[in-house]
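Below is one structure, written out as structure tokens, with a few remarks after it.
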Amino acid sequence: MSATIVDRASSTMDLARSYDGAEGFPHWILARAQTQARGRQGRSWLSGQGAFAASLVMQPNCPPAMAAQRSFVAACALRRALATYVDPNLLAHKWPNDVLLQGGKVAGILLESSGAGLNVDRLTIGIGVNLGHTPKDVPNASFAPVGLADVTGQMVPIETFLEVLAAEFAAVEHKLVTQGFAEIRAEWTAHAARLGQVITARTTRKTHKGSFEGLDEDGNLLLLTSSGKTVIPAADVYF
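Take the sequence shown: its letters are residues 818 to 1056, numbered as in our numbering.
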């Protein structure tokens, strides 16, 4: 495992942008503390005491749609890693990029990519996990947070969690490369929260409410609404 570990950073995503590839790809960047962590759509991500904050820098050299599939690779790897410490039945995936523990958000994923034309030659996957206790006073939280230590009563060292997560990510990434996204989609869906139940998906233009039918072949959300099956590529999901 190639990794850089620092005591403090504005965010690991910021550090990832300046990574020059000297230690190869993929490469993990882990910070023991972040001062300006963020999630999707510029939302802040509160890094509480003992929180895990890391970014994985890759060179997928693939179309954007395939690069985006790594969000589901990361989600599956996160669920597998967390299942090392808690009952797997307590964990679930929340579309598009969260992992839930006992119904609360324990982990989130953020993707940033760059490239020329229709090729993504650099992909960074930011991962935040509440390994400690539930963060307090989370600003603009769209989903209630939970901490791993709230369930286990113990603190997992962030370096230890990185080793577990990196191994699981490598395994799921190998599954994607050798077996295709259909297998990743199947694993993700098997542990999806509220599958077959009514959920709400809010885009920048519209709010959709319907039965969560899973993912399409590209990882888009499938909702069965009163007007029929709806494919949603990006949204915030509420239960």
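From the three backbone atoms N, C-alpha and C, an ideal C-beta is built for every residue, glycine too.
Query                                                                                                                                                                              : Result
Please confirm if the segment 818-834 is in contact with the segment 906-921, defined as three or more CB-CB distances below 8 angstroms between the two stretches.                : no
According to DSSP, simplified to helix, strand and coil, what is Asp915?                                                                                                           : strand
First and last residue of the beta strand (DSSP E) that includes Arg939?                                                                                                           : Arg939 to Val946
So, for Val989: in the same chain, excluding its five sequence neighbours on each side, which residues have a beta-carbon less than 6 angstroms away from its beta-carbon?         : Val890, Cys893 and Ala894
Could you name each continuous alpha helix (DSSP H) segment of 4 residues or more that falls completely within the segment 993-1029, going from the start of the chain to the end? : 998-1007
Should Leu1012 and Gly1027 be called a contact, given that it needs their Cβ atoms to be closer than 8 angstroms?                                                                  : no
Can you give the Cα-Cα distance for His1025 and Leu847, rounded to whole angstroms?                                                                                                : 37 angstroms
What does DSSP give as the partner residue(s) for Met1127 in the beta ladder?                                                                                                      : Nothing about residue 1127 can be read from this structure; the chain reaches only from 818 to 1056.
Whose C-alpha, out of Ala999, Ala868 and Lys992, is nearest the C-alpha of Pro974?                                                                                                 : Ala868
Per DSSP, which one or two residues make a beta bridge with Phe986?                                                                                                                : Beta-bridge pairing links Phe986 to no other residue.
Spatial neighbours of Leu907 within its chain, please: CB distance less than 8 angstroms, with the 5 preceding and 5 following residues excluded, ordered by chain position.       : Leu918, Gln919 and Val968
Kindly give me the distance between the Cβ atoms of Ala871 and Gly1036, rounded to whole angstroms, as I take these residues to be in contact under 8 angstroms.                   : Contact flag wrong, Cβ pair sits at about 22 angstroms.
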